[in-house]
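Visitor:
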Amino acid sequence: MTTKQNAIELARTARSEAANTAKRTIAAIINNWNECVKQAGFWCIYDFPTTGYTRKSQLVADLLRCADQLDEYVEPNPHAAQTVEQQTRELNASLTRVLDVEEAHAEALEINNAYNTLYVYAAGDAAQDVWPHLTEVERTVSVEFAHKQALHENRQHDDAIAYFAAEGPRICLEAFTQHQIKQIADFCHSDALELNSAYREYV
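Here the sequence shown is numbered in our numbering, starting from -8 and rising by one per residue.
This is the structure in structure tokens:
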């Protein structure tokens, strides 16, 4: 049987089950209906939960609703809000969006864990010792850390040189941090070495 034929038969079964509830328990009706749904290939769409129904009238209403939806599936009403296929497509799309969000969240957690891991390790030799044991994400974050630190130090270095060039001999070393003083000294030393080298070449 084709899917449409199965839908037609299942709609008939739904109406038959709804019409013949006398002398049958709710559980018996649900079990029979779920078995028919499974055989028709509409499992996870029209099957009913085995618990939760307290009155047969609730069950009858749901059976008739399923029958109407199956009729709509077989002969779509152009004025209907949505067909079962459209609902299924939308459900699948929403599930995909949920999975995308979960995947993005998992990736964000992994990056966050990498940041937390790298805060523990010291720079320099300690970081080099740890490098082979880091994950790909931790390595990426480590490189980003190093790059940010290098840019920060470069800005400090440029600021110190600009200030030194502007103030000249009136500079007060107490206004600088130890790190900035070292940078100024390094700059002056390298500049002196270059001048010395140029002088020797000239002489």
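Virtual Cβ for every residue (Gly too), placed ideally from N, Cα, C.
State whether the segment 46 to 56 contacts the segment 12 to 28, with contact taken as three or more CB pairs (one from each stretch) at a distance under 8 Å.
Guide: yes
Visitor: Taking its Cβ as the centre, do 16 or more other Cβ atoms sit within 10 Å of T4, making it buried, or is it exposed?
Guide: Position 13 of the sequence shown holds residue 4. Label assigned to T4: buried.
Visitor: Going by the beta-carbon positions, is the gap between L61 and A2 smaller than 8 Å?
Guide: Taking the first residue of the sequence shown as position 1, residue 61 is located at position 70. Taking the first residue of the sequence shown as position 1, residue 2 is located at position 11. Yes, the pair counts as a contact, with Cβ atoms nearer than the cut-off.
Visitor: Taking just the CA atoms, how far does R15 sit from P40?
Guide: Translated into positions along the sequence shown, residue 40 becomes position 49. Translated into positions along the sequence shown, residue 15 becomes position 24. Each residue's alpha carbon lies about 17 Å from the other.
Visitor: Can you have a look at C35 and say buried or exposed, based on whether 16 or more other CB atoms are within 10 angstroms of its CB?
Guide: Counted from its first residue, the sequence shown places residue 35 at position 44. It is exposed - the Cβ of C35 has fewer than 16 other Cβ atoms within 10 Å.
Visitor: Leaving out five residues on either side along the sequence, give the residues of the same chain with a beta carbon under 8 Å from the beta carbon of Q147.
Guide: As a first step, residue 147 must be located in the sequence shown, where it is residue number 156. Hits under 8 Å: H170, Q171 and Q174.
Visitor: Can you tell me whether DSSP reads W24 as helix, strand or coil?
Guide: The residue labelled residue 24 in the question sits at position 33 within the sequence shown. Under the three-state reduction of DSSP output, W24 falls in the helix class.
Visitor: Using a Cβ-Cβ cutoff of less than 7 Å, which residues in the same chain neighbour K47 once the five nearest sequence positions on both sides are dropped?
Guide: The residue given as residue 47 occupies position 56 in the sequence shown. Only T12 and I17 meet the Cβ criterion.
Visitor: Under a Cβ-count criterion, where at least 16 other Cβ atoms within 10 Å of its own Cβ denotes burial, should V134 be classed as buried or exposed?
Guide: The count along the sequence shown starts at 1 and reaches residue 134 at position 143. By the 10 Å Cβ count, V134 comes out exposed.
Visitor: So, helix, strand or coil for Y44, using DSSP?
Guide: Position 53 of the sequence shown, counted from the start, is the residue given in the question as residue 44. Reduced to three states, the DSSP call for Y44 is coil.
Visitor: Among the candidates E0, Y44 and E93, whose CA atom is the shortest distance from the CA of Y64?
Guide: Walking along the sequence shown from the start, residue 64 turns up at place 73. Closest by alpha carbon: E0.
Visitor: Closest to D59 by C-alpha separation, out of Y37, C27 and L142, would be which residue?
Guide: Your numbering for residue 59 matches position 68 in the sequence shown. Of the listed residues, the one whose Cα sits closest to D59 is Y37.
Visitor: Helix, strand or coil for K29 per DSSP?
Guide: As a position in the sequence shown, residue 29 is number 38, starting the count at 1. In this structure, K29 counts as helix in the three-state DSSP scheme.
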